[in-house]
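In the numbering used here, each number is its position in the sequence shown, counted from 1, plus 6. Note that the Cβ used here is the ideal one computed from N, Cα and C, for glycine as well.
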Amino acid sequence: MQPTWALAEIAGDLVEEKRVRIGLVGFGTVGTGVAKLICEKANAITAKMGVVLELGCVVDLDTTTPRPVTLPDGVLTSDLNQLLNDESITIGVELVGGTTIAKDIQLQMLRAGKHVVTANKALLAEHGAELYHVAHENGRCLAFEASCAGGIPIVTALRTGLAANEVTAMYGIVNGTCNYILSSMSSKQEEFAVALAQAQERGFAEADPTLDINGGDSAHKLAILGSMAFGYEIELDDIFVQGLEGVAQDDIRYGQEMGYCLKLLAIGEKNAEGRVSLRVHPSFIAADCSLARVDGSFNAISVFGDAVGETLYYGRGAGMMPTASAVVADIIDVALGNSATTFQHLQLKPRDEVASLVEPIDDCVSRFYIRVMAKDEPGVVAGYGQILGKNEISISGALQHEGHGPDNTVPVVITTHETPTRSMMAALKELGDSELFSGEPVCIRIVDIPEDKDL
Ligand code: HSE
Numbered sequence: 007m008q009p010t011w012a013l014a015e016i017a018g019d020l021v022e023e024k025r026v027r028i029g030l031v032g033f034g035t036v037g038t039g040v041a042k043l044i045c046e047k048a049n050a051i052t053a054k055m056g057v058v059l060e061l062g063c064v065v066d067l068d069t070t071t072p073r074p075v076t077l078p079d080g081v082l083t084s085d086l087n088q089l090l091n092d093e094s095i096t097i098g099v100e101l102v103g104g105t106t107i108a109k110d111i112q113l114q115m116l117r118a119g120k121h122v123v124t125a126n127k128a129l130l131a132e133h134g135a136e137l138y139h140v141a142h143e144n145g146r147c148l149a150f151e152a153s154c155a156g157g158i159p160i161v162t163a164l165r166t167g168l169a170a171n172e173v174t175a176m177y178g179i180v181n182g183t184c185n186y187i188l189s190s191m192s193s194k195q196e197e198f199a200v201a202l203a204q205a206q207e208r209g210f211a212e213a214d215p216t217l218d219i220n221g222g223d224s225a226h227k228l229a230i231l232g233s234m235a236f237g238y239e240i241e242l243d244d245i246f247v248q249g250l251e252g253v254a255q256d257d258i259r260y261g262q263e264m265g266y267c268l269k270l271l272a273i274g275e276k277n278a279e280g281r282v283s284l285r286v287h288p289s290f291i292a293a294d295c296s297l298a299r300v301d302g303s304f305n306a307i308s309v310f311g312d313a314v315g316e317t318l319y320y321g322r323g324a325g326m327m328p329t330a331s332a333v334v335a336d337i338i339d340v341a342l343g344n345s346a347t348t349f350q351h352l353q354l355k356p357r358d359e360v361a362s363l364v365e366p367i368d369d370c371v372s373r374f375y376i377r378v379m380a381k382d383e384p385g386v387v388a389g390y391g392q393i394l395g396k397n398e399i400s401i402s403g404a405l406q407h408e409g410h411g412p413d414n415t416v417p418v419v420i421t422t423h424e425t426p427t428r429s430m431m432a433a434l435k436e437l438g439d440s441e442l443f444s445g446e447p448v449c450i451r452i453v454d455i456p457e458d459k460d461l
């Protein structure tokens, strides 16, 4: 049994309080949530973590619109210099968003000697390497748990929780808007535009939802998570991105008939040669796998480590309080000194060393779902069989119902065994050019998430 005096000493260490003053830039939705947590939960946080959080300054151009939080007197200002020049403020939180002014603010805060906490995924995805470099130069840390998957502590899991592992693969549902749309289309047979309007009404979608829908937001998050998982400086250009544009109710229904559920996945996979495939695209996954059960605006990331096997992280990926939860967790970690240690060891292999380790999409091997609108006449089955066979693509399933669509055409759905993307692209061109089929074929990747049954 442990002697009681030792426990008392340990407890003594833990109750020694650290006091930190925080400067917040951006008093919008997430900024308001962070201010609420700091102002309203300070005592509980002190009791649990031994840090006293004080809001020294909140900077926003709009100092008049009422927010649902009461700030201490004199804290709200429109002058960033008030934060930069206040030496008692050691942590600066950037919640402005975007990649221009926000970058400038982060650089100014780092150069003024503040540690920086941010939720800014676009900025880190585009300029992360430069910002990490400036932080290191100034002996400060940059913490960004809130940049990916809102309240889910996935960055911490990758940085420390899975530190003993080589990450071999990760599969993430990291955009709540897209997941909400696909869930509504799957379970309520909503049309795409109706489901998107609902996501906007509920506040998951960005003000301009283009980046949600076109996969750009998921790619930003994959660039950050992939860097943490694989230890590379990943650039957005390394990531193949296909969004939800063109996803049709029919394909969701045919996929369901064949045992699949459609999700927009952000994928990082290390192949046998050690190359990493990084991609965001609509993905048919087995309807009975864990990620298929992640519905609505929820996010989830499945990460495979060579020691641990599969781990799954689930929660709210957006919104005021979930994102604020991650920001405040970072603030506490910086205050405790943990972030300084982990950030000091964040050494990503630079671009020039890793460019050849990123697998080009043409080489990426996958199974595929294809839908063609076939003319209902002799030779159609032989026609697609011949085109796929010629391109060395093996069919694993096919589906055609009786009855006609418009112009005497009938939808034919084909699933394939694994094939390189370049072969599939060649076959799709031939299918599109063939007189046996009308319009362009629809093509969606089938992703077989590995099963971890053996541990
Ligand atoms: N628009 C994003 C989403 C918010 O839908 O997930 C969080 O980044």
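With DSSP as the reference, identify every bridge partner of residue i, one or two as the case may be.
i           : result
residue 171 : Answer by DSSP bridge pairing: none, since residue 171 is not bridged.
residue 76  : Beta-bridge pairing links residue 76 to no other residue.
residue 340 : Per DSSP, none; premise fails for residue 340.
residue 355 : 238
residue 155 : Paired residues: none, contrary to the question.
residue 177 : 273, 308
residue 27  : 60, 95
residue 322 : 304
Just tell me which of the options has its CA closest to the CA of residue i.
i           : options            : result
residue 373 : 251, 449, 204, 244 : 449
residue 458 : 296, 444, 390      : 296
residue 156 : 327, 191, 252, 25  : 327
residue 131 : 246, 366, 239      : 239
residue 188 : 149, 250, 227, 242 : 250
residue 325 : 61, 63, 206        : 206
residue 353 : 136, 30, 314       : 136
residue 425 : 91, 435, 394       : 394
residue 85  : 367, 190, 32       : 32
residue 99  : 123, 79, 105       : 123
residue 533 : 256, 304, 134      : In the structure displayed, the chain extends from 7 to 461; residue 533 sits before or after that span and is not available.
residue 41  : 289, 101, 309      : 101
residue 252 : 455, 288, 141      : 288
residue 78  : 44, 200, 152, 203  : 44
residue 120 : 439, 143, 263      : 143
residue 55  : 73, 258, 337       : 337
residue 89  : 74, 103, 315, 116  : 116
residue 176 : 263, 208, 272      : 272
residue 146 : 262, 346, 375, 361 : 346
residue 158 : 389, 211, 227      : 227
Would you mind giving the Cβ-Cβ distance between residue i and residue j, rounded to the nearest angstrom? I have them listed as a contact below 8 Å.
i           : j           : result
residue 236 : residue 173 : 6 Å
residue 23  : residue 57  : 7 Å
residue 64  : residue 185 : Their Cβ separation, rounded to whole angstroms, is 32 Å, which puts residue 64 and residue 185 out of contact at 8 Å.
residue 382 : residue 329 : Not a contact, Cβ separation roughly 52 Å.
residue 447 : residue 357 : Their Cβ separation, rounded to whole angstroms, is 36 Å, which puts residue 447 and residue 357 out of contact at 8 Å.
residue 286 : residue 224 : 4 Å
residue 339 : residue 213 : In fact, because the Cβ distance is near 30 Å, the residues do not count as touching under 8 Å.
residue 307 : residue 266 : Between residue 266 and residue 307 the Cβ distance is about 20 Å, and since that is not below 8 Å, they are no contact.
residue 168 : residue 309 : 7 Å
residue 422 : residue 455 : With 8 Å as the limit, residue 422 and residue 455 do not qualify as a contact, their Cβ atoms being about 18 Å apart.
residue 164 : residue 231 : 7 Å
Next on the checklist: Report the start-end ranges of each alpha helix (DSSP H) in the region 43 to 96 that is 4 residues or longer and not cut off at the edges.
Outcome noted: 48 to 55, 86 to 90
Item to check | Contiguous alpha helix (DSSP H) assignments of at least 4 residues, all confined to the region 413 to 456 | outcome: 427 to 439
Item to check | Start-end ranges of the beta strand (DSSP E) lying completely within the region 237 to 317, minimum 3 residues | outcome: 266 to 276, 282 to 292, 304 to 311
Next on the checklist: Suppose only complete runs of 4+ residues qualify. What are the alpha helix (DSSP H) ranges in the region 350 to 414, listed by chain order?
Outcome noted: 357 to 360, 386 to 396
Next on the checklist: Which complete beta strand (DSSP E) runs does the region 93 to 166 hold, if anything under 3 residues is left out?
Outcome noted: 95 to 100, 121 to 124
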